[in-house]
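I have placed the structure first, in the form of structure tokens, so that the comments after it can refer back to it.
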Amino acid sequence: MTNLFGALILAVAFLMLLAAIWMYYYSKNSRFRERVISHFHEVLPHGATISGMPPGVKETYWHRLRVRASIYAGFELKDGHFVAIPMLFLAFGLLGWFSFGWAGAFLLFGGALLVFGFFLPYSRLRRRQALVISQVPMFIDQVLRSLSTGRSLESSIRFATGEAPLPLRHVLERVIRATDLGADMVETLSDAAKLHGLRELNLIALAMRISNSYGSSPKEMLESVVQMVRQQELARRELAAMTGETRISAWVLGLTPMAIAAYIMMVNPGYMNLMLQDASGKTMLMVALGLQGFGGFVLWRMLKSV
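Heads up: the sequence shown at position 203 corresponds to 473 in the numbering used here, and the numbers run straight through without jumps.
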């Protein structure tokens, strides 16, 4: 079983190497196409709409997945990233294989995937979302001040975008650029809200849609949105302060079993191998891993709810 697992890891690494070679030649052949559409990328890095597709072109599932993955990672994912990142995780697995056998490969590969593939990107994404949400009231206040000077709603949003702080300005600038290339601002703003998980931007788009459809003033609705966002932010901070001890306890409970397993592997690597030689030991290990995964999922849902 050990030899089979090692051969499987080597086979996957070889396939990833072939994929990297193929991606290199594919990118080399597509340089001409990239030069042709480079002027679009100068205006909007990902294309003519907020999701990266030119107007009139049907969006594919894989393109949508790539955009969401880029938002989750916090940077634009190129073709090479889809090869380099899996190979990096495989390198962790091979390091564990050569050091502690297949159990070490499983622990290092799973640990790297859990930490660098989930916890760190997810925590960065939540911090970015929280920062953007905290900047939305100031943005809407700027829009309201522009409306009071006689500007239209779309013109006020354009003006307020230039005054908005980062990272909210990055999100809104893509909306403005997409609108300049012919996209509808309301739909583009709704798409941006869905992609970034920002319901507050969707409320702004709703105010614009009502204003465009019925000709009413959006000031009252925007003022209500500002008040609601500020109340939610205040409640969120109070809840985070009250549940701080619970969060720390959840992290300790979730990470302690993995830390103990890693310590045992480092101090006495043969202990795990002795356990794996017995059928009941394998069963206990698999049950423990399953319970650890289920418990981690439950704790993650609890942390997410608060």
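Think of the CB as a built atom: it goes at the ideal place given N, C-alpha and C, for glycine as much as any other residue.
- In the structure shown, L436 adopts coil according to DSSP, grouped into three states.
- In the structure shown, Q547 falls within a coil segment according to DSSP collapsed to helix, strand and coil.
- In this structure, M455 and E424 form a Cβ contact; the two beta carbons are roughly 6 Å apart against a cut-off of 8 Å.
- If you draw a straight line from the Cα of A510 to the Cα of I530, it comes to about 29 Å.
- A contact is defined here as three or more CB-CB pairs under 8 Å, and the region 361 to 370 fails this definition with respect to the region 429 to 446.
- The Cβ atoms of G563 and G524 do not sit closer than 8 Å to each other.
- Between Q412 and M572, the alpha-carbon positions lie close to 36 Å from each other.
- Taking C-beta atoms under 8 Å as the contact rule, L468 and I403 qualify, at a distance of about 7 Å.
- Residues of the same chain with a CB within less than 6 Å of the CB of M536, apart from the 5 flanking positions on each side, do not exist.
- Each residue's CA atom was taken as its position, placing L417 and L395 some 32 Å apart.
- Cα atoms of M491 and L390: separation of roughly 36 Å, rounded to the nearest angstrom.
- Nearest to L358 by C-alpha distance, out of S369, Y342 and G380, is G380.
- The C-beta distance from R338 to L465 rounds to 7 Å, short enough to meet the 8 Å contact threshold.
- For A375, the secondary structure class from DSSP, reduced to helix, strand or coil, is helix.
- Bounds of the alpha helix (DSSP H) holding F409 are L390 to S418.
- Sequence-distant partners of L442 (beyond 5 residues in either direction) whose C-beta falls short of 7 Å from its own C-beta, in its chain, are T431 and A434.
- Collapsing the DSSP output to three states places R338 in a helix.
- Less than 8 Å separates the beta-carbon of S460 from that of A475.
- With a contact defined as Cβ atoms closer than 8 Å, L555 and L544 miss out at about 12 Å.
- In the displayed model, T513 falls within coil according to three-state DSSP, outside both helix and strand.
- Between D450 and Q399, the alpha-carbon positions lie close to 26 Å from each other.
- Counting the other CB atoms within 10 Å of its CB gives V385 a total below 16, which places it among the exposed residues.
- Following the DSSP letters along the chain, one finds L465 inside the alpha helix (DSSP H) bounded by residues M455 to H466.
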